Amino acid sequence: MSAFTVPQLPLGSIQGALEFIFEPQPSNVTGGKLVGGLDQTLELALTQLEVTVLALALSMLLALPAGLYLGHRGIGELLAVGLGNAGRAIPELALIAFMAAAIGVGTLNLTIALAVLGIPPILTNAFVGIRQVDRAPVEAARGIGMTEREILFKVEVPLAIPTLMAGIRLATIAIVATATIAPLAGVLTLGDYIINENVYGENGVVAGAIVVAVMALSLELLLALLQRRLTSKGLKLRPA
Amino acid sequence: MASLALTAAVGEVGKGFLRERTSDTLPCQATEKLFCFDWAKDNIDRYGTPTVQHLELVTLAVLFGFAIAFTLALLAHRRRWLRSPLLAATGVLYTIPSIAFFFLLLPLTGRGVDTAVIALTAFNLQVIYRNTIVGLSNVPASVKEAAKGIGQTDRQILWRVELPLATPEIIAGLRIATVSTVAIATLAVFAGGGGLGVPIKQGGIDFKTNIILAGGIAILMALAFDVLLLAIQRLVTPWERVARA
Amino acid sequence: MRTKTTRLSWLAVCTGLVLVLSLGVAACGSDDDDTSGESTAAESEGGGGAIAANPANGKVTLTIGSKNFAESEITGEIYAQALAAAGYKVKTDLSLGSETIALKTLKQGEISGYPEYTSTALESLFSLEPGEVPADAQAAYEKAKAELEKDGLTAFPPTPFSSANAVGTTTKLAEEEGLETVSDLEGKSESLTLYGSPECRQRIDCLAGLEKYYGLKFKSFHPVDIGLRYTVLEKGQADLSILFTTDPQLSAEKDKFVILEDDKEVFPAGNVIFVTRNSVVEAAGPDYEKTIVAVQEGLTLPVVQELNARVELEKQTPKQAAAAYLKSAGYVG
């Protein structure tokens, strides 16, 4: 291991980074153009957000119906759980690089690659969530003559919300993290600041890291609040 | 003094060094082919050092992560008020994308293996912490009561009863953490920490065979760790074997 | 009793983990940077080559860096292996990044030297206008050296070959739009996309220059990794891409790709010069410059294109290509 250097107080760097976020700065590369500033930062952040939301929507569209169906019928456990494990093992850099080399760069291709990352946790958690629902209310619902569809959506899903939302949150974290390195594949997200120190300087790099961290945490907070909203009161009374 | 006796022969490349190349005579690796077996066979040793570096990164990150998260979980097991704050704190570390973490650490620890290991450790704290807490909480009260009844101290109960019963959950957490860390560690190249991201980023980012090999080795490594930990889990919980049979 | 067994099992697991931990720490002790490697004199297969090892050089350790594309890594490896043959202890830290990163790493003392291009040094590092960059290789070298002196740096004489940035496209598009020179893009560039490296946006010998001196506005500019500059053309996503005049694809795949002539001379050609710190030159002795100047004599344009082809097309490592060159040209036995 390299010798552990004495940590210097990073106050200077943080201030430099914060300035970078809000005010255009001269670039490391001479050529007269300014870099950074609120406009560029917001543009990059919006691209990252856009790509994240699109990929998440695509993942949910593909994975939720499948996971809910399989969970309700109680079949395909190997697929649902196995896919979840396999999805965790996908190396992000390899995924992005392969996508760029095989199908090309661009927002559409990136969205597909990110959806590949988002599908496993959503699928697995949908399956497991429905399977773990208490059988008693389900049997009761069947007893009073509800259709399978009604049982799924009116009984099982509401009871499975915590697990379902956990899956969506996992997918979001994975997607946001991978969207950060999208600049390698030509889509300009906040990773542009982070990966290209030669253009943006150390201030830019730390600025990018800060904004990405804030974005990820905000999304997570939003989803946590949404989960709280959607979880029925009865579930909330249960101990954690 | 170095004897740089430059005759006419030295400084000119030999005959046959320069080769003609045309579109149709390009070897597999220069084309868009998905996988070049011959090239892979001849060049597999390129992935040796990155693989070893990758193993180091993952092992260190998971061991440190386990040491820290396990300790935190033991603390929070006794003091309920610690549970939520610690869950939130480890959650924050999990949510922040690792690559951002590398560069947030940049002013403090610079580039290198240190930074990569710290970030990867922080990443896998939450899973291990949460699974340990849940595993310990799921021990039936009746079992603890019985142990207390026969005169065991709190400490003895923890180590002889609660932890063994929580082992499946804890190792499940370790499995998830390890597999995820193997995948994330490909990004360590950005922090200057080596790993299997190096051949991808610097050995041909457009070369599909290369990406498949480096990524494939990472996926196999994750699988191997998963199976290994599963085997350890089966080993340390012999009573579950009976239950399963 | 059951509790005894489980406690033993826990102990076994913990011991195992500790063993693995110590293994990890032990392996960690043999430090290896992600891109660094060691070239020792032993690798140069003993005597027989023109470069003979001078034992006095063994006291000096040099770290050779390079920029993040194949040609730079190859020249870096050639210098590194030649210096190792001359008896120095040599480490490599290739693919550092673009010129600003490499220069910063050099100034901070993390590397001893790296190969730079006179054109890049003058236009990108020292903000000269294209008109101020001398066309003559020696004059450009002198000018760059003078600028570097201000920072306590120096450069060794230039290589025979030179390379330049170029605007490239597919032969198909060039024929369709009638593109032969960069000026032909006038009026057409607004509907064309351009792909280049991230720093291209700011560089005068890249996008900034195209906008300023050619007055071109593009539909969009997309920064991508240098390694993808041909992939984006091939996949049809880029209309135009920033290429290098020494790229092997331009001759091997000349039916597919073509570069546009730089008629306004905004992209000057640059020869490679080895940039290093004055303090290193003093410590390393006369063989430092001598070896570098000698070993680059054989780097003519066809040779460099061949080496680029081996690395970029045949996917050899820069190390392999450099070793083959040194052997074939008789520098190393």
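These protein sequences, in sequence, are chains A, B and C. Numbering that gives the first Met the number 0 applies: residue 0 is where the first sequence begins, and numbers increase by one. Numbering that gives the first Met the number 0 applies: residue 0 is where the second sequence begins, and numbers increase by one. Numbering that gives the first Met the number 0 applies: residue 0 is where the third sequence begins, and numbers increase by one. Don't be surprised by glycine CBs; every beta carbon is placed ideally from N, CA and C. Everything numeric in this text was worked out from a predicted model, so none of it was measured.
In terms of Cβ geometry, C:Ala154 and C:Val274 form a close pair [threshold 8 Å].
B:Ala184 is not a Cβ neighbour of B:Leu103, given a cutoff of 8 Å. Close partners of B:Pro26 in chain C (Cβ separation under 7 Å): Glu313. Secondary-structure assignment with DSSP links C:Val166 through a beta bridge to C:Ile241. Chain order gives the chain A residues near B:Asp205 as Ala96, Ala99, Ala100, where near means a beta carbon separation below 9 Å. Every beta strand (DSSP E) stretch that sits fully inside the region 62 to 118 of chain C and reaches 3 residues is listed by chain position as 88 to 92, 112 to 116. The region 147 to 183 of chain B is shown to contain no whole beta strand (DSSP E) run of 3 or more residues. DSSP, reduced to helix, strand and coil, places C:Pro301 within a helical segment of the structure shown. Secondary structure of C:Phe273 (DSSP, three-state): strand. Within the region 43 to 94 of chain A, complete alpha helix (DSSP H) segments of at least 4 residues are found at 76 to 87, given in chain order. By alpha-carbon distance to B:Pro49, the top candidate from B:Val112, B:Gln232, B:Ile231 is B:Val112.
Under the 10 Å beta carbon count, B:Leu234 is surrounded by fewer than 16 other beta carbons and is classified as exposed.
Of the residues assessed, B:Asn42 falls on the buried side of the cut-off, its CB having 16 or more other CB atoms within 10 angstroms.
DSSP, reduced to helix, strand and coil, places A:Pro25 within a strand of the structure shown. Counting along the chain, C:Pro222 sits inside the beta strand (DSSP E) bounded by residues 219 to 222. Closest by C-alpha distance to A:Ile180, out of A:Ala44, A:Ala16, A:Phe21, is A:Ala44. The Cβ-Cβ distance between C:Tyr78 and C:Pro129 does not fall below 8 Å. The contact set of B:Ser141 on chain A, defined by CB atoms closer than 8 Å, is empty, because the minimum CB distance reaches about 17 Å.
For the options A:Pro120, A:Leu151, A:Ala114, A:Pro136, the alpha carbon positioned closest to that of A:Ser58 is the one of A:Ala114.
Beta-bridge pairing by DSSP links C:Gly195 to C:Pro222. Here DSSP, grouped into helix, strand and coil, assigns A:Gly35 to strand. With a threshold of 16 other beta carbon atoms within 10 Å, C:Ile225 meets it and is buried.
Not one beta carbon of chain B lies nearer than 8 Å to the beta carbon of A:Glu76.
By the rule that beta-carbons nearer than 8 Å mark a contact, B:Ile98 touches chain A.
Listed by position along chain A, the residues whose Cβ is nearer than 7 Å to that of B:Thr185 are Pro90, Glu91, Leu92, Ala93.
Collapsing the DSSP output to three states places B:Val57 in a helix. When the alpha-carbon of C:Lys218 is set against those of C:Tyr194, C:Gly75, C:Cys199, the nearest one is in C:Tyr194. Close to C:Leu172, with beta-carbon spacing below 7 Å, lies no residue of chain B; the smallest spacing is near 18 Å. Scanning chain A for C-beta atoms nearer than 8 Å to the C-beta of B:Ala217 yields Ala88, Pro90, Ala93, reported in chain order. Flagged as an interface residue toward chain C: A:Glu196, by a C-beta distance shorter than 8 Å. Among the residues facing chain C, B:Leu17 is included, as its CB has a counterpart in that chain under 8 Å away. In the displayed model, C:Val331 falls within coil according to three-state DSSP, outside both helix and strand.
Each residue's CA atom was taken as its position, placing A:Ile174 and B:Ile98 some 13 Å apart. In this model, A:Leu53 and C:Glu233 are separated by some 27 Å (Cα to Cα). Non-local C-beta neighbours of A:Gly128 in its own chain, meaning closer than 6 Å and more than five positions away in sequence, comprise Ala159, Thr162, Leu163, ordered along the chain.
Per DSSP, B:Ala39 lies in no beta strand (DSSP E) segment; the continuous alpha helix (DSSP H) that holds it begins and ends at 36 to 42.
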